[in-house]
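Undergrad:
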Amino acid sequence: MASFRVQTPQRSYDAIVERGAVWRICDFLPAKCGKLFVVTTRDVWDLHGSCFAQIPHSVIFFPGGEANKRISEVETMAEQMIAAGADRSSAVVAFGGGIVNDTAGFLAAIFMRGIPVIQVPTTLLAQVDAAVGGKTGVNLVSGKNLLGSFHQPLVVLIDPDVLGTLPEREYRAGLYEIIKCGVIRDANLFRILDEGIAGVLAKDPTVVERIIADAVRIKAEVVSADEREGGLRRILNFGHTVGHALEAETQYSRFLHGEAVAFGMRVATVLAERVSDLKEGADIDRVIVNYGPIPSLNGISAGNLAKRLVNDKKTIQGHVHFVLPVKIGEVTVVSGLDDRIVLESIQAVLH
Ligand SMILES: NC(=O)c1ccc[n+]([C@@H]2O[C@H](COP(=O)([O-])OP(=O)(O)OC[C@H]3O[C@@H](n4cnc5c(N)ncnc54)[C@H](O)[C@@H]3O)[C@@H](O)[C@H]2O)c1
Ligand SMILES: [Zn+2]
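Residue numbers for the sequence shown follow my numbering, so the first one is 1 and each next one is one higher.
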């Protein structure tokens, strides 16, 4: 078992990485917990819901999918909770992938002005990213995650065993976020991913547990230093500036989030090679490519992607920020890059 402390002004809590952790949820319920609401999707419930058998609870089924990550679904779930007798002493368990973690976390954040949430992520992406750090929210028609709140959980329970049922493509999508962690902060993690790729892809339990723990440790450290993304937390956006543009350009239907981030990390690496003296660009690119392939990029316009960058939520007063590798394990945040160099870097990876 590995446990990482997340310390934020709002709350301090543990992110626990442990095989079988889902069977210990009852150990982490709030002392005077009223009714417990498990928010989940039908697929995850059918596969793993039996771990709640000994705990009194109500299940709220969320339809899943990016298209349903909307305030209307949050309202529907809140009505269901009220109908089932929820009050201010109730708590929510967010049991599912990142979409459930974000939506159920937001539900808990605003239900009767806030009730506790326990995050139990069941995709690799959610385990190493979405469930840790307290960002919750839903989409607007105008963009992703534009409605939301910081609502730190009571605890994050990360059970690598549940990944056994995760489709291979979803698993690889999560691995890209771990590659991201290696590039931004941990050269040793990067080396494990590079040299140990066979074990990682074969889901060797020891290797998987190790890389999850490393990624969670990094996320916990970064969030503890900067809960609200005023500074250090921005390094977690490595690959996300262009990744978000690719997701939006393809209506969130062609690439998984992690796959879009993989593309974005390759572009950021090319950019870093052009505007600084990054020497390990080829190594970063090789590892990202080795964990592929991502779906075909055919028909995607570099110009359209470049235009979309300015619409990103993280664009601050018109300045597009890029997280660029300085060397493996260290990145820097830059803005004001020449539009032409950005466009050429996107083109270089597209072709
Ligand atoms: N809050 C944050 O800091 C943060 C960070 C990164 C991503 N996110 C959000 O996370 C979302 C993406 O999350 P995701 O990639 O986990 O996608 P997802 O939640 O859609 O899950 C992917 C699919 O896997 C299924 N699934 C989940 N666990 C499973 C299991 N153990 N076995 C079999 N199937 C399983 C889900 O039902 C779903 O169909 C996006 O909406 C993104 O915005 C949030
Ligand atoms: Zn991400």
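We put the CB at the ideal spot given by N, CA and C, even for glycine.
Where the beta carbon is closer than 6 angstroms to any heavy atom of ligand 2, which residues qualify, in chain order?
TA: D129, E177, H240, H257 and V261
Undergrad: When you measure from the CB of D226 to every non-hydrogen atom of ligand 1, does any distance come out below 8 angstroms?
TA: Working through the sequence shown from its first residue, we reach residue 226 at position 226. No, the beta carbon of D226 sits no closer than 8 angstroms to any heavy atom of ligand 1.
Undergrad: Are there any heavy atoms of ligand 1 lying less than 8 angstroms away from the beta-carbon of G174, as far as the coordinates show?
TA: Within the sequence shown, residue 174 is the residue found at index 174, counting from 1. Checking the Cβ of G174 against ligand 1 gives yes.
Undergrad: Mind reading off the beta-carbon distance from F62 to V100? Whole number of angstroms is fine, and I expect it under 8 angstroms.
TA: As a position in the sequence shown, residue 62 is number 62, starting the count at 1. As a position in the sequence shown, residue 100 is number 100, starting the count at 1. Taking the Cβ atoms as the reference, F62 lies roughly 6 angstroms from V100, within the contact range of under 8 angstroms.
Undergrad: In this structure, what does DSSP give as the bridge partners for I158?
TA: Position 158 of the sequence shown, counting from 1, holds the residue named residue 158. DSSP lists V17 as partners of I158.
Undergrad: Do you know offhand how far D214's Cα is from L189's?
TA: For the purposes of this step, residue 214 is taken as the residue at position 214 of the sequence shown. For the purposes of this step, residue 189 is taken as the residue at position 189 of the sequence shown. Each residue's alpha carbon lies about 7 angstroms from the other.
Undergrad: Hey, would you say the C-beta of I243 is under 8 angstroms away from at least one heavy atom of ligand 1?
TA: As a working note, residue 243 is residue 243 in the sequence shown. Note on identity: in this sequence residue 243 is Gly, with Ile being the wrong assignment. No, the beta carbon of G243 sits no closer than 8 angstroms to any heavy atom of ligand 1.
Undergrad: Less than 9 angstroms between the beta carbons of F238 and I197, yes or no?
TA: Looking up residue 238 in the sequence shown gives position 238. Looking up residue 197 in the sequence shown gives position 197. Not in contact: F238 and I197 (Cβ atoms no closer than 9 angstroms).
Undergrad: Could you have a look at V320 and say whether DSSP puts it in helix, strand or coil?
TA: Here the question's residue 320 lines up with position 320 in the sequence shown. Correct three-state label for V320: coil.
Undergrad: Cβ-heavy atom distance between I99 and ligand 1 below 8 angstroms?
TA: Sequence index remark: in the sequence shown, residue 99 carries index 99 (1-based). Yes - ligand 1 has a heavy atom lying nearer than 8 angstroms to the Cβ of I99.
Undergrad: Is the beta carbon of A15 within less than 8 angstroms of some heavy atom of ligand 1?
TA: On the sequence shown, position 15 is the one that residue 15 refers to. A15 has its CB no nearer than 8 angstroms to any heavy atom of ligand 1.
Undergrad: Could you compute how far the alpha carbon of F4 sits from the alpha carbon of S224?
TA: On the sequence shown, position 4 is the one that residue 4 refers to. On the sequence shown, position 224 is the one that residue 224 refers to. Those two C-alpha atoms are separated by around 11 angstroms.
Undergrad: Flag this pair as touching only if the region 327–334 and the region 267–286 have three or more C-beta atom pairs under 8 angstroms; answer yes or no.
TA: Verdict: yes, contact present.
Undergrad: Using a threshold of 8 angstroms, is the CB atom of D43 nearer than that to any non-hydrogen atom of ligand 1?
TA: Taking the sequence shown and counting its residues from 1, one reaches residue 43 at position 43. Within the cutoff, so yes.
Undergrad: Do G98 and H240 have their beta-carbon atoms positioned less than 9 angstroms apart in this structure?
TA: As a first step, residue 240 is located in the sequence shown; it is residue number 240 there, counting from the start. As a first step, residue 98 is located in the sequence shown; it is residue number 98 there, counting from the start. Not a contact, by the Cβ cut-off of 9 angstroms.
Undergrad: Please return the same chain residues whose Cβ sits closer than 7 angstroms to the Cβ of R42, not counting the five positions on each side in sequence.
TA: Indexing the sequence shown from 1 puts residue 42 at position 42. Taken in chain order, the residues that qualify are F61.
Undergrad: Closest to S58 by CA distance: which of F95, W23 and E73 is it?
TA: Position 58 of the sequence shown holds residue 58. Ranking the options by Cα distance to S58, first place goes to F95.
Undergrad: Give the single residue among R340, A245 and I235 whose Cα lies nearest to the Cα of R308.
TA: On the sequence shown, residue 308 is found 308 positions in, with the first residue counted as 1. Ranking R340, A245 and I235 by CA distance to the CA of R308 puts A245 first.
Undergrad: Buried or exposed for R88, going by 16 or more other Cβ atoms inside 10 Å?
TA: Residue mapping note: residue 88 aligns to position 88 of the sequence shown, counting from 1. The residue in question, R88, is exposed, as its Cβ has fewer than 16 Cβ neighbours within 10 Å.
Undergrad: Starting from I118, follow its DSSP beta bridges and name the residues at the other end.
TA: Position 118 of the sequence shown, counted from the first residue, corresponds to residue 118. I118 is bridged to V93 and V155.
Undergrad: Following a CB-centred definition, is K32 positioned closer than 8 angstroms to any heavy atom of ligand 1?
TA: Within the sequence shown, the letter at position 32 stands for residue 32. Every heavy atom of ligand 1 is 8 angstroms or more from the Cβ of K32, so no.
Undergrad: Do T8 and ligand 1 come close, with the Cβ less than 8 angstroms from some heavy atom?
TA: Within the sequence shown, the letter at position 8 stands for residue 8. Taking the Cβ of T8 as the reference point, every heavy atom of ligand 1 lies at 8 angstroms or farther away.
Undergrad: For S335, collect the residues of the same chain with a Cβ closer than 6 angstroms to its Cβ; drop the 5 residues on either side in sequence, then sort them by chain order.
TA: As a position in the sequence shown, residue 335 is number 335, starting the count at 1. Correct list, in chain order: H319 and H321.
Undergrad: Return the residue from the list R70, E195 and T136 that minimises the CA-CA distance to Y291.
TA: By 1-based counting over the sequence shown, the position of residue 291 is 291. Among R70, E195 and T136, the Cα nearest to that of Y291 is on E195.
Undergrad: Can you find the residues in the same chain that come closer than 7 angstroms, C-beta to C-beta, to G199, ignoring five residues on each side of it along the sequence?
TA: As a working mapping, residue 199 is identified with position 199 in the sequence shown. Cβ within range, chain order: V207.
Undergrad: Whether or not the region 64–72 and the region 130–140 are in contact is what I'm after, with contact meaning three or more pairs of Cβ atoms, one per stretch, closer than 8 angstroms; do they touch?
TA: Yes: the two stretches touch, three or more of their Cβ pairs being nearer than 8 angstroms.
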